[in-house]
Amino acid sequence: MKTLRRPPPPHDSNNGKTRRAALVAVTGLGLLCAANVGSRLLDIPAIPPRFDAQGASLSDKGITQDLFTELGTPGHTSRIIDTRWNAFARTDVVADTETPDTYLVYTNGNVPTNMMRWDGKPQSAADITREFPLIDWVFASAPLGQNRQAETSKSAESRKQRATHGRVLSIGPGGGLDVLMALRHGAGEFEGAEINPSIVGLMRDYREFNGGIYRRPNVRVVTAEGRAYVREAAAAGKRYALIFSALTKTATAGQGMALLESYIYTQDALADYWKALDADGQAVIVTDQVPLLARLFATALAMLRERGLDEAEACRHIALVGVPDTMPGPYRYAIVLQKSPMTGRQTYAMSDAALDRSLTAILLPEGRAARDEYGPFDRVAAGAMTGEQFVAWWRDARNVFPFGLPAIDISPCPDNRPFVLDLNLSQPVIFKQLAGLTTVLALGLAVAGWRTARRDLQPATAGGTRQAANERKRRSSMAPRLKPLKHRAGRTSAAAPDAAPAASGASAASGVSAAAAVVYFALLGVGFMLVEIPLAQKLILPLGYPTLALTVILFSILLGGGAGAWFSQRHPEQRLGRRAAMCALGVALVTAAGAVFLDGARDALLSLSLPLRCAIVGALLLPLGFLLGTPFPAALRGFARRDPANVPLIWGLNGVSSVAGSLGAAMIAKAWGLNVALLVGAACYVVAALLAPLFDRADNRLRLSGDDKWQQQLVYRTFV
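Numbered per numbering that gives the first Met the number 0, the sequence shown spans residues 0 to 719.
What follows is the structure, given as structure tokens:
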């Protein structure tokens, strides 16, 4: 007997050529990348600043980063000498031959922090800090001078006073300028919470340049989110003479859609700083714009009004100082919030210190200063304007036009709506553009999916093609092979004809099923992002670091979602819709509960260690991820059984809807808050839960076609 052997598969020469070409391309790309490290054959081109008639550059308009403006200015003498990457940001160290004693450290190309050349001697810090008059004024006006007097005494009470009133906390100490200021003005201890780990590493690596300022015994700088650090310190009983933050927005805002803003300047943040201050301690924020100064002022008023103070009384705790337009530098305006009312003697000293440094006292209590060219701050201090009227004044374009500004929103921002840096009255233009684009794409895919599914599910009719007639004839010949229906649940085979009306309405049912499928999968895409993004934003505070929060959340949700998707494949086909509906409803309930109780729960987590917090958050999110991972694959399984040709279209619809959900989360949170975004996400899953069983039933009924009796019996068996 001769054995037949399968002939070898024919050799595909084109496949071999493709592999060789791909190997050559990958090798060439690798060599090019290696050569580019030293030669810079390919690099980001310099972008000229392009100043307009008002003197604003592209970076001032938010089109490019400040680093590109610095390197793109004709005749510049700056160069990047070091670049670090991490999960948070890109960090660049820039040296300028015209200022050899200063390195500029850029985070994501934004406004830099200064790393100053220092020999490590405290007396030489005075010469350095004079270059920054506004920050020098802040530390000179802070309650730190008494510590210098107490240093001459060796008594236990003096040592206790020095430890209590000499502690400074800097949120975002950056290149160490804040440490130099604290050392010069007599701070006993300095603590820093730096969110960018690359900066901490750079300060260590450049210790010969900066005098090892972060390694001094009374200086402690850690990698942490500033707001979370303050809350933990206050919970541990620490109190500070000065909590300082200068342009921290450049390192925490705008890190993507998932981390919409920071919690550094919200109304709840000022309340946390207030709790962490000594009896006469100060919280100081330095910014670079008058509108942001106005928002911080309105936020401070709102926080103090919660403590029972009216506007006039609240202004006794607030001081505003600015830098004249003739003086360069990004540190332009400072707001001082003191826990105790400022005395006349104190404000007199603050006014003298401002005059000595050629600064402008915008508002000082006790009538020491009240300037109105920056806004109606003086009217609020005099009790002639409420906080709400102050906010409304900036909303009127007629008032702010002399400042060269459009009408803006400076209303206080709570943690639930932490968009402090967004002063637009409406949604950002980029959000509107992207939302419009994704909406058009989603609608296009939805219409295409609905029309295609309805066409594919259209039942055959008597006037159909010959092929359809032959198919009906073939199926009719199979009808006698079916066994008679058995009696079930009080019904007999006589009930089988009741399924016939469904056959006559199959065309309408196909339209219902197609529309239900389109809406269902679109809602899952939108709802998933409306749940995930607000959760990521809300959990930054208890987890203490944005990247850590995002890692824990994504890991937990994706792990749980994968488990839910795997488990959904074990569901019987007859119950896919019901299981998907139950899980979608579970997502809605858990999300709604999170919107109500999450804020209180995250405060309780602060007393625990960070690993335990991560474990608890992960354990709470795993069940939610399981529920999130079930509705899509379960319904997709049923859809693929009915209409496999349109599965790629459904994937595309769900993906575009997810992008729309990301934008929707940002826009809803800006307008109404993160809790509302969570509730809208819950509503999406409620509607999806209602559609899931409808979609499943329509899927089974659509097996009917015309007068095919055998299909009527099959459908009857499925449902009965």
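All residues carry an ideal CB built from backbone N, CA and C; glycine is no exception.
Computed from a predicted model, the values in this text were never measured in an experiment.
Per DSSP, reduced to three states, the secondary structure at Tyr-102 is strand. It is roughly 33 Å from the alpha-carbon of Phe-87 to the alpha-carbon of Lys-120. Burial is judged here by how many other beta carbons sit within 10 angstroms of a residue's own beta carbon; Gly-672 has at least 16 and is buried.
The three-state reading of DSSP puts Met-302 in helix, counting H, G and I together. Listed in chain order, the non-local C-beta contacts of Met-384 below 8 Å within the same chain comprise Glu-310, Pro-375, Arg-378, Trp-392, local neighbours out to five positions each way being set aside.
Proximity to Ala-282 across Pro-290, Ala-268, Ile-552, Arg-294 peaks at Ala-268, based on C-alpha coordinates.
Between Pro-630 and Cys-582, the C-beta spacing is below 7 Å. Relative to Pro-48, the option among Cys-32, Leu-31, Leu-66 whose CA is nearest is Leu-66. Here the alpha carbons of Asn-109 and Ser-77 stand approximately 15 Å from one another. When the beta-carbon positions are compared, Ala-515 and Leu-690 come within less than 7 Å of each other.
In the three-state scheme derived from DSSP, where H, G and I count as helix and E and B as strand, Asn-113 is classed as strand.
In the three-state reduction of the DSSP assignment, Leu-336 falls in the strand class, which pools E and B. Sequence-distant partners of Leu-522 (beyond 5 residues in either direction) whose C-beta falls short of 7 Å from its own C-beta, in its chain, are Cys-683, Val-686, Ala-687.
For Val-646, same chain residues with a beta-carbon under 6 Å away, outside a window of 5 residues either side, are Ala-639 in chain order.
Our two residues, Ala-535 and Met-114, have alpha carbons roughly 33 Å apart in a direct line. Put simply, of Asp-277, Pro-364, Asp-408, Thr-247 the residue whose alpha carbon is nearest the alpha carbon of Val-167 is Asp-277.
Contact between Gly-660 and Leu-529 holds: CB atoms are separated by about 5 Å, below the 8 Å threshold.
Assignment of Val-93 by DSSP, reduced to helix, strand and coil, places it in the strand class. In this chain, the alpha helix (DSSP H) harbouring Ile-556 covers 545–567. Here DSSP, grouped into helix, strand and coil, assigns Thr-222 to strand.
For Thr-82, the uninterrupted beta strand (DSSP E) run begins and ends at 77–84, by DSSP. Counting C-beta pairs with one atom in each stretch, the stretch 130–139 and the stretch 188–202 have fewer than three that are closer than 8 Å, which means they do not touch. In this structure, the CA atom of Thr-438 is about 13 Å from the CA atom of Gly-651. In the DSSP assignment, no residue is bridged to Arg-19. Rounded to the nearest whole angstrom, the CA to CA distance from Gly-443 to Phe-520 is 14 Å. Closest option to Gln-122, judged by alpha-carbon separation, among His-184, Ala-360, Leu-605, Lys-16: His-184. Its Cα nearest to that of Ile-284, the residue Phe-296 stands out among Ala-275, Phe-296, Pro-405. Ranked by how close their Cα comes to the Cα of Val-289, the residues Tyr-262, Arg-306, His-316, Tyr-330 have Tyr-330 in first place. Leu-354 counts as exposed, since fewer than 16 other beta carbons sit within 10 angstroms of its beta carbon. Under DSSP, the beta-bridge partners assigned to Thr-359 are Gly-321. In this structure, the straight-line span from the alpha carbon of Leu-363 to that of Asp-287 is close to 19 Å.
Within 10 angstroms of the beta-carbon of Tyr-347 lie fewer than 16 other beta-carbons, which makes it exposed. Annotated as distal: Ala-270 and Gly-543, with beta-carbon spacing of 7 Å or more.
Judged by DSSP in its simplified three-state form, Ser-410 adopts coil rather than helix or strand. Counting other Cβ atoms within 10 Å of its Cβ, Asp-91 reaches 16 or more and is therefore classed as buried. Here the alpha carbons of Gly-321 and Thr-359 stand approximately 5 Å from one another.
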